[in-house]
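Chains as they are written, first to last, in my numbering: chain A, 18 to 332; chain B, 18 to 332; chain C, 2 to 348; chain D, 2 to 348.
Report on one structure; see the data block that follows.
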Amino acid sequence: MSERRLADLLAMWRIRAFEEKVRDLRAEGAIVGSVHLCVGQEAIPVGACDALEPRDALFATYRGHGWALARGVPAEPLFAELLGRACGVNGGRGGSAYFTAAEYGFHGENSIVGAGAPIACGAALAGRHDGSDRVAVSVFGDGAMNQGAVHEAMNFAAAFSLPVVFVCENNRYSELTPIAGMVRDPRLSGRAAAYGMPGHRVDGNDAEAVRFHVRDAVEAAREGGGPTLLECMTERLVGHYIGDAETYREPGELDRIRRREPIARLREGLLADGVPAAGIDAVERRARAETDAAATAALAAPLANPATAREHLYA
Amino acid sequence: MSERRLADLLAMWRIRAFEEKVRDLRAEGAIVGSVHLCVGQEAIPVGACDALEPRDALFATYRGHGWALARGVPAEPLFAELLGRACGVNGGRGGSAYFTAAEYGFHGENSIVGAGAPIACGAALAGRHDGSDRVAVSVFGDGAMNQGAVHEAMNFAAAFSLPVVFVCENNRYSELTPIAGMVRDPRLSGRAAAYGMPGHRVDGNDAEAVRFHVRDAVEAAREGGGPTLLECMTERLVGHYIGDAETYREPGELDRIRRREPIARLREGLLADGVPAAGIDAVERRARAETDAAATAALAAPLANPATAREHLYA
Amino acid sequence: MPELSYGEAVNAALHRLMEELPQTLVYGEDVGVPGGVFGVTRGLRGRYGERVFDTPISESAILGSAVGAAMFGRRPIVEIMWADFSLVALDQIVNQAANVRYVSGGRLSAPLTIRTQQGNAPGACAQHSQCLEALFLHVPGLRVCMPSTPQDAYDLLVTAVHCDDPVLVIENRTLYFGGKEPVQTGGPVRPMGGARTRRPGSDVTVVTWGAMTGQVLAAAGALAGDGIEAEVLETPWLNPFDTEAVLGSVRRTGRLAVVHEANVTGGFGAEVVARVTGSGAPLLAPPIRIGTPDVRLPAAPSLARSLVPDAARIEQEVRALVGKPPAQAGAGQQAAGQGAAGREAWR
Amino acid sequence: MPELSYGEAVNAALHRLMEELPQTLVYGEDVGVPGGVFGVTRGLRGRYGERVFDTPISESAILGSAVGAAMFGRRPIVEIMWADFSLVALDQIVNQAANVRYVSGGRLSAPLTIRTQQGNAPGACAQHSQCLEALFLHVPGLRVCMPSTPQDAYDLLVTAVHCDDPVLVIENRTLYFGGKEPVQTGGPVRPMGGARTRRPGSDVTVVTWGAMTGQVLAAAGALAGDGIEAEVLETPWLNPFDTEAVLGSVRRTGRLAVVHEANVTGGFGAEVVARVTGSGAPLLAPPIRIGTPDVRLPAAPSLARSLVPDAARIEQEVRALVGKPPAQAGAGQQAAGQGAAGREAWR
Ligand SMILES: Cc1ncc(C[n+]2csc(CCOP(=O)(O)OP(=O)(O)O)c2C)c(N)n1
Ligand SMILES: Cc1ncc(C[n+]2csc(CCOP(=O)(O)OP(=O)(O)O)c2C)c(N)n1
Ligand SMILES: [Mg+2]
Ligand SMILES: [Mg+2]
């Protein structure tokens with residue numbers, strides 16, 4: 018039991034260490050352009066990906082570094098991608114908000130809000146015809162629930178009982194705007210009923226809870242039960258993007274968030290269960306060491322070659 | 018009491034006589050292009066428009082002839098529009114699927130499914146700033162409920178408590194496809210809950226029931242209560258468009274529909290209440306006579322002048 | 002060879018593709034059980050069952066799911082009933098489908114085919130009349146073709162579905178029920194691209210595509226009566242576009258007219274003119290573009306007819322380009338008004 | 002005159018418009034309380050309250066409601082954060098806003114202003130880098146402008162909101178935080194249209210718009226060092242487009258280059274070339290178009306830099322057009338590679 022929780026802790030630390038390294042590289046100017054970190058939201062990808070099989074499809078958003086890592090994409094080619102290196106997962110073509118690593122079952126970030134949901138329906142539809150029994154997971158934020166494409170995708174998946182799990186990461190903000198003011202009923206999981214599919218609110222800062230619900234939804238989907246909407250409640254410990262002044266935060270908000278963020282929470286839980294602090298801290302050190310090594314290796318790699326910039330537009 | 022029902026009967030007959038005349042003119046070739054009739058659905062516009070005031074805004078679909086008539090647009094300029102005459106409500110520019118008559122509080126048909134819903138939100142939004150207390154009515158079909166723009170409009174109206182009444186004419190088909198197979202839960206009014214607004218299923222073949230619910234929704238909207246979704250159950254007595262072979266109908270379906278269609282139903286009700294048949298039949302004759310006269314006048318009017326075809330693109 | 006109408010040829014191509022490519026799926030609004038609002042997908046649902054189905058009125062879901070299914074090995078053939086409707090979901094074509102191969106460095110692809118139809122028809126309103134090929138032709142990563150004959154309706158669709166990239170096949174509803182022609186079905190998959198010399202000529206090169214081809218051929222026939230030999234070059238494939246074929250013809254004739262139904266400003270005719278003049282090919286007269294003036298399309302036929310190019314106006318404009326006066330004044334005058342209108346359209 | 006950056010000039014225009022036109026509304030994603038992701042709408046919410054507000058991430062609702070509010074007497078100024086995002090809701094612009102006046106025969110109108118920004122910036126991905134003006138310029142019924150200076154950022158927006166038709170004001174995020182310049186605020190509302198001679202010259206006319214204007218001026222400066230006098234004509238208004246101004250300049254210089262950031266094929270540069278060559282204005286050399294090659298935009302700066310036109314490449318291409326060899330080889334060679342790339346982009 019505590020093995021699994023230690024594994025969750027390591028997986029979450031790998032994501033956080035990655036994101037914090039990205040923040041530093043962005044500050045140094047080694048990474049350019051807008052970057053969306055998932056610090057504070059790590060429990061969702063860690064719990065969800067643990068419930069998936071290699072054949073399953075996963076579509077994330079621009080806030081997808083953690084999803085790629087949780088799906089098993091190594092840190093080095095991800096750093097390389099953010100650094101515009103030839104050995105990046107997309108050879109530098111995708112960047113922070115749009116990378117893909119299909120060979121790891123990570124079918125990509127998407128920097129258009131809501132656009133991944135219909136695409137996930139297609140991956141599920143393909144599975145119905147290729148006999149793979151594939152389940153497709155579509156990840157998006159609270160704000161994306163108000164985008165037409167997400168509505169169409171949910172109805173499409175429900176009407177045809179497609180094996181899709183819709184994972185809404187509700188971090189209470191859409192960019193700089195609280196979701197509370199953009200909907201009448203802040204309980205977004207309730208929208209599932211409109212499509213005749215099950216919907217649940219999940220503690221998104223608890224990898225165990227996320228794993229349970231995603232596993233259940235995946236099982237139902239594979240059995241032909243169709244889609245499920247999971248609203249995973251979480252919070253960003255950082256800005257929407259690097260550079261966000263976070264003027265929208267209430268006084269003391271970040272302190273409150275830090276108290277319930279998934280890594281601190283799991284650490285306390287483990288300590289309470291008598292897991293020695295040394296062992297717990299070793300996990301963080303290990304993750305940081307691996308991450309720093311990956312970043313160093315990526316930094317040493319050659320930049321993407323301009324001579325290749327026009328390749329692969331067409332077959 | 019039976020006065021109002023006789024008035025409803027006349028209003029419905031005016032629509033049906035108009036539509037049947039249009040069908041004939043289309044058959045003769047006097048009207049060209051695709052035409053969507055609302056025969057069988059007359060009770061909805063008749064009941065709804067009776068609950069509106071002149072200042073209110075009304076946005077219909079391509080199946081909007083009945084809505085224009087119920088809103089008070091005279092038959093002659095509507096026939097003229099369908100016939101491409103210069104004196105048509107749009108000077109011939111709109112045609113059957115896209116006419117507008119703002120001077121009558123009819124803000125237009127729209128031939129893009131769902132597109133009128135966000136526009137109606139804007140009319141309501143304007144009312145909040147111009148002090149008119151305007152309520153906007155957005156009309157669309159069952160199939161339009163699956164279009165992204167309608168979802169965005171419903172959330173937008175609900176989040177900002179805009180005075181909008183969403184009237185869904187559920188005639189059980191989206192073009193040639195039964196809505197039942199395109200959604201998991203055929204009770205579309207249930208979707209209102211997703212937006213935190215009230216939703217009701219209404220007997221759309223009873224003008225009285227429609228009037229009651231629309232009046233109630235308009236009242237709530239004017240008082241600042243925000244939007245309501247009304248799913249008005251009805252049925253087409255005709256094809257989706259003129260020329261539709263209606264191969265999708267079940268055996269005996271049309272007979273069943275004819276038994277519950279609004280005009281026949283109201284006629285029976287009136288007879289049961291002792292209203293003399295002669296008086297009831299006089300209503301139909303009057304409507305047909307007015308309609309034929311309007312069509313004749315429109316046919317005599319000059320065609321739209323090609324020399325004007327490029328006017329009014331810009332201010 | 003079977004005698005098929007344009008619509009029947011599309012249907013025959015769909016049947017062939019369902020047979021020879023098990024990965025194909027056909028779906029869209031009313032395309033399954035009803036067989037399509039134009040009857041073009043008739044018989045598919047009954048024959049291929051689950052691989053053919055009707056969808057909700059959700060263009061983003063239709064196009065987006067086609068992108069996803071294509072990424073996972075399917076070859077979806079989806080229908081957008083009118084090109085005008087693609088505007089509610091253009092993101093899935095431009096920001097999604099067109100990026101899959103490039104951004105993944107070729108490790109992923111999106112071989113979907115989007116069938117749609119466009120253009121004006123008597124009585125159609127401004128929201129059901131647009132010719133939007135220029136929008137798609139500005140998007141790298143997409144392939145675009147516009148068949149105008151039953152044989153091309155068959156061949157281009159077969160080629161499109163066999164193509165490993167997203168392809169838009171833009172049909173025209175005024176052609177679906179046109180005359181039947183012998184169509185070679187079951188032949189080899191033709192390569193993408195290429196132009197068709199629909200009529201040889203030496204005085205002027207007239208480049209066109211889609212339903213306008215018929216109007217241009219009629220005009221060319223009339224011009225021949227006055228000894229003006231127009232070479233009519235149809236480019237059913239617009240991406241890839243056969244620039245060399247156009248240049249070859251223009252080098253022979255020394256004159257260029259481009260004719261399309263889309264409105265002039267920003268239409269693909271501008272691209273053709275820019276490529277030809279940019280090549281330095283010598284011209285005896287300034288190139289002209291003939292298209293719908295820059296307005297919305299009115300529903301009244303009397304109005305629309307005065308805007309959409311027809312054989313009479315094309316004849317008049319090409320005659321003016323070549324600089325030979327008309328045989329009899331009548332036709333010339335009548336068309337002159339429209340010609341003037343057309344020419345000033347973009348001024 | 003206040004010294005304002007491009008972004009501050011937009012903000013100043015918005016404040017002025019809120020003051021002088023009570024019908025104005027300003028809304029969009031994050032434009033209210035946060036003041037916009039680029040800070041361009043700062044201070045408006047606090048000052049004008051309800052007339053300024055944040056919206057859900059619902060572009061169809063944002064644009065559609067703006068059409069409806071405009072039909073009812075408001076002058077909504079809505080923001081689409083990136084032009085790329087307009088593709089999820091293009092229907093409301095093309096099928097709705099553009100039709101209101103025409104289809105109603107002038108009895109209704111839709112005086113909304115859509116503020117957006119576009120183009121590539123270091124690290125931006127293919128879904129956040131497109132230049133889409135050509136799509137909007139093919140749509141009759143819309144007005145389109147692209148300011149590149151603080152003064153134009155102010156003036157064009159003021160003119161747009163006073164315009165009684167739908168106007169797209171396409172800004173550029175790489176300019177928002179650029180240098181401050183004296184901006185005349187509060188002046189009269191300028192008429193729509195017109196071109197700016199940003200630099201007079203006699204050897205070649207270079208037409209450009211948007212952020213490329215800076216690159217073109219830099220290239221023109223460098224060319225002057227070698228005695229090549231390029232006349233730089235900026236056309237901040239693309240609809241209406243000042244064709245006469247372009248023709249006037251080309252008649253003097255005899256050479257034409259059009260430069261835009263958008264990819265070449267189907268870009269508005271083709272329209273400019275087609276109008277000039279169609280006019281019969283005599284040219285000493287074939288006109289050229291300089292733009293991004295027809296690919297998607299990669300995120301890595303090393304890749305994107307090799308695609309998006311810059312001063313060096315523009316200098317090289319214009320030099321080749323004028324036919325005078327470079328003073329020193331270095332720059333020439335370095336740019337030559339890119340030049341070749343650019344020229345073959347559409348072949
Ligand atoms: C269609 C579209 N509209 C707007 C944007 C700009 N945008 C990027 S992220 C974002 C906020 C999304 O909020 P949410 O869905 O809650 O996801 P989060 O960023 O909180 O994870 C917005 C508006 C976009 N990328 N695409
Ligand atoms: C965006 C869009 N997609 C598709 C169409 C084609 N179309 C016109 S009417 C229609 C069916 C609409 O069904 P419903 O909403 O139930 O309205 P009804 O026609 O039954 O009144 C369709 C698919 C369209 N006009 N616009
Ligand atoms: Mg969020
Ligand atoms: Mg219906």
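Every residue, glycine too, gets a C-beta built ideally from N, C-alpha and C.
Predicted model only: the values in this text are computed from it and were never measured.
Buried or exposed (CB count within 10 angstroms, at least 16 for buried), residue i
i	result
residue 263 of chain A	exposed
residue 347 of chain D	Low per-residue confidence applies at residue 347 of chain D: pLDDT is 25, beneath 50, and the placement is therefore not dependable, though the value from the model is reported in the following sentence. By the 10 Å Cβ count, residue 347 of chain D comes out buried.
residue 335 of chain C	Here residue 335 of chain C scores only 37 on pLDDT, less than 50, and its place in the model should not be relied on; the value that follows carries that caveat. By the neighbour-count rule (16 or more Cβ atoms within 10 Å), residue 335 of chain C is not buried but exposed.
residue 317 of chain D	buried
residue 302 of chain D	buried
residue 51 of chain C	exposed
residue 276 of chain B	exposed
residue 77 of chain C	buried
residue 345 of chain C	Below a pLDDT of 50, predicted positions are generally treated as unreliable, and residue 345 of chain C, at 29, falls in that range; the measurement from the model is reported next regardless. Under this definition residue 345 of chain C is an exposed residue.
residue 341 of chain C	Residue confidence is low: residue 341 of chain C scores 35 on pLDDT, short of 50, so the model does not pin down where it sits. Its coordinate-derived value is still stated next. By the neighbour-count rule (16 or more Cβ atoms within 10 Å), residue 341 of chain C is not buried but exposed.
residue 1 of chain D	Since the first residue shown for chain D is 2 and the last is 348, residue 1 of chain D is missing from the structure and cannot be characterised.
For residue i, the first and last residue of its enclosing alpha helix (DSSP H)
i	result
residue 129 of chain A	From DSSP, residue 129 of chain A is part of no alpha helix (DSSP H); its letter is neither H nor E.
residue 79 of chain B	Premise fails: residue 79 of chain B is in no alpha helix (DSSP H) and is neither H nor E.
residue 181 of chain B	Element bounds for residue 181 of chain B: not the alpha helix (DSSP H) but the beta strand (DSSP E), 181 to 187.
residue 66 of chain B	60 to 66
Member of the options whose CA lies at the smallest distance from the CA of residue i
i	options	result
residue 145 of chain B	D/238, D/288, D/66, D/313	D/66
residue 204 of chain C	C/158, C/249, C/255, C/177	C/255
residue 309 of chain C	C/320, C/280, C/265	C/265
residue 226 of chain A	A/63, A/195, A/52, A/94	A/63
residue 103 of chain B	B/327, B/321, B/40	B/321
residue 199 of chain C	C/120, C/62, C/237, C/227	C/237
Amino acids of chain D, ordered along the chain, whose beta-carbon sits closer than 9 Å to that of residue i
i	result
residue 135 of chain C	135, 136, 139, 267
residue 85 of chain A	Here the premise fails: no neighbours, minimum Cβ distance about 15 Å.
residue 199 of chain A	55, 56, 57, 58, 59
residue 320 of chain A	301, 302, 303, 304
Under 7 Å by beta carbon: chain D residues contacting residue i
i	result
residue 188 of chain A	Ordered by position in chain D, no residue passes the 7 Å Cβ test against residue 188 of chain A, which lies about 14 Å from the chain.
Closer than 7 Å at the beta carbon, the chain B residues around residue i
i	result
residue 58 of chain C	130, 160, 161, 163, 164, 191
Limits of the beta strand (DSSP E) - the one that residue i falls within
i	result
residue 409 of chain D	Residue 409 of chain D falls outside the range modelled here, since chain D spans only 2 to 348, and no answer is possible.
residue 206 of chain D	205 to 209
residue 234 of chain D	231 to 235
Contact set between residue i and chain A, taken where Cβ atoms lie within less than 9 Å
i	result
residue 243 of chain C	Near residue 243 of chain C there are no residues of chain A at all, since even the closest Cβ is about 16 Å away, more than 9 Å.
Rounded Cβ spacing between residue i and residue j (contact assumed at less than 8 Å)
i	j	result
residue 136 of chain D	residue 139 of chain C	7 Å
residue 104 of chain D	residue 115 of chain B	6 Å
residue 138 of chain B	residue 170 of chain B	5 Å
residue 68 of chain D	residue 166 of chain A	Between residue 166 of chain A and residue 68 of chain D the Cβ distance is about 20 Å, and since that is not below 8 Å, they are no contact.
residue 220 of chain C	residue 289 of chain C	With a Cβ gap of about 13 Å, residue 220 of chain C and residue 289 of chain C do not count as contacting.
residue 193 of chain B	residue 162 of chain B	So it is not a contact: roughly 17 Å between Cβ atoms.
Neighbour list for residue i in chain C, Cβ cutoff strictly below 9 Å
i	result
residue 57 of chain B	Those within 9 Å of residue 57 of chain B in chain C number zero; the least Cβ separation is about 20 Å.
| said: Strictly closer than 6 Å from CB to any heavy atom of ligand 5: give me those residues in the order they appear in the chain. | reply: Looking at this structure, you won't find ligand 5 anywhere; what it does contain is ligand 1, ligand 2, ligand 3 and ligand 4.
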